[in-house]
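Chains as they are written, first to last, in this note's numbering: chain A, 1248 to 1470; chain B, 1248 to 1470. Note that CB positions come from ideal geometry on N, CA and C, so glycine has one too. This structure is a prediction, so every number in the text was calculated from the model and none was measured.
2 protein chains.
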Amino acid sequence: MKQIPQPTIERACSIYNLLLDFERENIKLVSSAELSSLIGVTAAVIRKDLSLIGISGVSGARYSAKKLKQDLEIRLALGIKRKSCVVGIGKLGSAILDFGLFNDYGFEIAAGFDSNMNTIETKKTVVKLYPAFQMAEVVRREKIELAFLCVPAKAAQFSVDHLIDGGIRGILNFTPFLVKSKSEDVFISKIDVLKEVRTLSALISASTEQDSNSRRPHNGTSL
Amino acid sequence: MKQIPQPTIERACSIYNLLLDFERENIKLVSSAELSSLIGVTAAVIRKDLSLIGISGVSGARYSAKKLKQDLEIRLALGIKRKSCVVGIGKLGSAILDFGLFNDYGFEIAAGFDSNMNTIETKKTVVKLYPAFQMAEVVRREKIELAFLCVPAKAAQFSVDHLIDGGIRGILNFTPFLVKSKSEDVFISKIDVLKEVRTLSALISASTEQDSNSRRPHNGTSL
C-alpha cells in the first residue's frame, strides 16, 4: 500500500462496516452498485477505492461479502492492536474507562490523564491515572497510539498539543470543541453526540410542522 | 417552514455546530464560501439551504455569525425541550443515564428500559427503570420523543419496533447494528464509536506503511 488517499481509507472502513451488517443479515454477495448507494458515492468510486487498496473486482460481477470483509481486514490492518489512553476523567472519560469495549476490540486503554490531582488520587479505576503534565512522557514511554479526548473546552487544544508531543497517532475527539493537529501524521476525528441529538430534534420539528402548520414550538420570526 | 428536505436540515445543523465553534473563537463574520468548504458542499448549496429555511443572505456578502446562529436556533426550533429514554441498561446505557449531558441541553431522560428484571430491581439510577415489554406503553404515557438505543444485537430491531409503536420520533442508535424504521416519521441516526476508532487505526497503518515500507503490521497477501 502506498499513497492511498485518506477519503479512500475512510470509505473502505465504511464498506467494512456495511459488510459486518451483511454478515449478521447473512447476505453472501454484494455489488459495487449496492455498496455505492449505501455509502453515497458512485459505483466507479467504490471500484477505484477497492482497487487502490489492492482488491480487484470484475465490473458488473458481485463480490463475495465474506472474502471482501477478510481482504479489507488485511489490507487496512484492522486486526492490529494499539494502546490507547483517556484524557479527562470526568463523567464521559470515566464512562469510557469503565466501558471495556475498546479493550475487547484490541485498543487496550493503558493510561488515564487528568489535571485535577484530587481526581487522580481518589478515583477508583482499573487503569493507572497520571497528572496532565506527564501526558507527553507517559504516551511516549507506554507507546500509546490512540487517545480519547474528553476534556473541558479550555483544556482541549492544550491536551492535543501534549499528546502530539508524546508521539500520539490518532485522537478521537468526544468534546464539542474543534481541535487542530500541528502534525500531518496525526489523525483526529470527532464524535459529537449533542450534534446528533440536536439534528434529530430539528428533523422532528420540521416534520411536525409539515404535518400541522398550527403547531409551532417557537415564534418563527427572525430576531 | 414547509417541505424542507432532510439533507438541508442536516446541513443546517452542521452549520449551527460550526457557528458554535466560531463563537468560541470569536469569529464575527462568515461567508457561504467559508461554510461550504468546511461542510463539503458548494456555496450555492449553502445559500439555497439557508434560503429554504427562511434565512436570506446577499451573494458575496458575509453573514453575521451571531445573527445566523440565532436565526438557525429559531428556524430549526433548537431550543425546544424533548423527553428522552435509554433502552438497554448495560455499561453504555448506564453511562448515558449517569452522564447528565442530555438533561443539561433540554433532552431530559425520563425513563430507562431493560429486559433483565434483576437489572431493573437492583440498579441504582436517578431515572425510573421499566421492563422492556412496557416500552411502548411508557413512551406513550410519558410523551417521550427521543430514545438512546444501547442494546445487544438480538434486541435492537425489536426495541426499535416497540419504541415506534409507542410513538417515538427520533432514535440515536449507539449499537454497531443497523436498525430500520417502519415509519417515515421516525428519524434514526447512528453513532458508531468502534467504527471511528477502526478508521483512525487504518489511517495510522496506511501512513506508517507510506513512511517505511519495511514495517508492515500484517502479511499483505489476500486470503
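| Query | Result |
| --- | --- |
| Residues from the region 1338-1371 of chain B in contact with chain A, defined by Cβ distance under 9 angstroms | 1338, 1339, 1341, 1342, 1343, 1345, 1346, 1347, 1348, 1349, 1352, 1353 and 1354 |
| Per-residue contacts from residue 1442/A into chain B (C-beta, under 8 angstroms) | 1260, 1261 and 1264 |
| Residue 1263/B vs residue 1328/B beta-carbon contact at 8 angstroms | no |
| Nearest-angstrom Cβ-Cβ length linking residue 1360/B and residue 1377/B, presumed shorter than 8 angstroms | 5 angstroms |
| Cβ separation of residue 1442/A and residue 1345/B, assumed to be a contact under 8 angstroms, to the nearest whole Å | Wrong, their Cβ atoms sit about 21 angstroms apart, outside the cutoff. |
| Assigned secondary structure, residue 1350/A (DSSP; H/G/I helix, E/B strand, else coil) | helix |
| Secondary structure, beta strand (DSSP E): runs of 3+ residues fully inside the region 1378-1421 of chain A | 1391-1396 and 1417-1420 |
| Cα-Cα separation between residue 1399/B and residue 1325/B, rounded to whole angstroms | 31 angstroms |
| Closer than 7 angstroms: residue 1435/B CB and nearest the ligand MG heavy atom | In the structure shown, the ligand MG is absent, as is every other ligand, since no ligand is present at all. |
| Identity of the residues DSSP links to residue 1437/B by a beta bridge | 1420/B |
| Residues bridged to residue 1360/B (per DSSP) | 1334/B and 1377/B |
| Residue burial classification, residue 1384/B (beta-carbon count within 10 angstroms, cutoff 16) | exposed |
| Where residue 1407/A falls, given that 16 or more other Cβ within 10 Å makes a residue buried | buried |
| With 16 other Cβ atoms within 10 Å as the buried cut-off, status of residue 1444/A | buried |
| Residue 1417/A at chain B interface by Cβ criterion, 8 angstroms | yes |
| Cβ-based contacts, 8 angstroms cut-off: residues of the region 1423-1436 of chain A near chain B | 1423, 1424, 1425, 1432, 1434 and 1436 |
| Supposed close pair residue 1424/B, residue 1394/B - CB separation, criterion 8 angstroms | Not really, about 15 angstroms apart at Cβ, beyond 8 angstroms. |
| Own chain, CB closer than 7 angstroms to residue 1435/B, minus 5 neighbours either side, in chain order | 1418, 1420, 1426 and 1428 |
| Nearest candidate by alpha-carbon position, reference residue 1380/A, set 1250/A, 1392/A and 1362/A | 1362/A |
| Backbone secondary structure at residue 1303/A - three-state DSSP | coil |
| Between the CA atoms of residue 1352/A and residue 1303/A - distance to the nearest angstrom | 28 angstroms |
| Residue 1298/A and residue 1275/A closer than 8 angstroms at C-beta | no |
| Simplified DSSP state of residue 1426/A, which is helix, strand or coil | coil |
| Length of the line joining the Cα atoms of residue 1390/B and residue 1330/B | 7 angstroms |
| For residue 1258/A, the first and last residue of its enclosing alpha helix (DSSP H) | 1253-1271 |
| CB contact flag (residue 1416/B, residue 1451/A, <8 angstroms) | yes |
| Residue nearest to residue 1335/A in terms of C-alpha spacing, selected from 1313/A, 1358/A and 1322/A | 1358/A |
| Residue 1323/A, DSSP secondary structure in three states | coil |
| Nearest-angstrom Cα separation, counted from residue 1455/B out to residue 1431/A | 12 angstroms |
| Residue environment, residue 1271/B, which counts as buried when at least 16 other CB atoms sit within 10 Å | exposed |
| Run of the alpha helix (DSSP H) containing residue 1284/A, from where it starts to where it stops | 1279-1286 |
| Residue burial classification, residue 1392/A (beta-carbon count within 10 angstroms, cutoff 16) | buried |
| Residue 1468/A (DSSP reduced to helix, strand or coil) | Model confidence at residue 1468/A stands at a pLDDT of 36, short of 50, so the residue's coordinates are unreliable; what they give is reported in the following sentence. Three-state DSSP puts residue 1468/A in coil, outside helix and strand. |
| Proximal residues to residue 1372/A (C-beta, below 8 angstroms), its chain only, five neighbours per side dropped | 1336, 1341, 1344, 1345 and 1359 |
| Chain-order list of residues whose beta-carbon lies under 7 angstroms from that of residue 1409/A (same chain, five-residue window excluded) | 1382 and 1383 |
| Proximity below 8 angstroms, CB of residue 1256/B to CB of residue 1449/A | yes |
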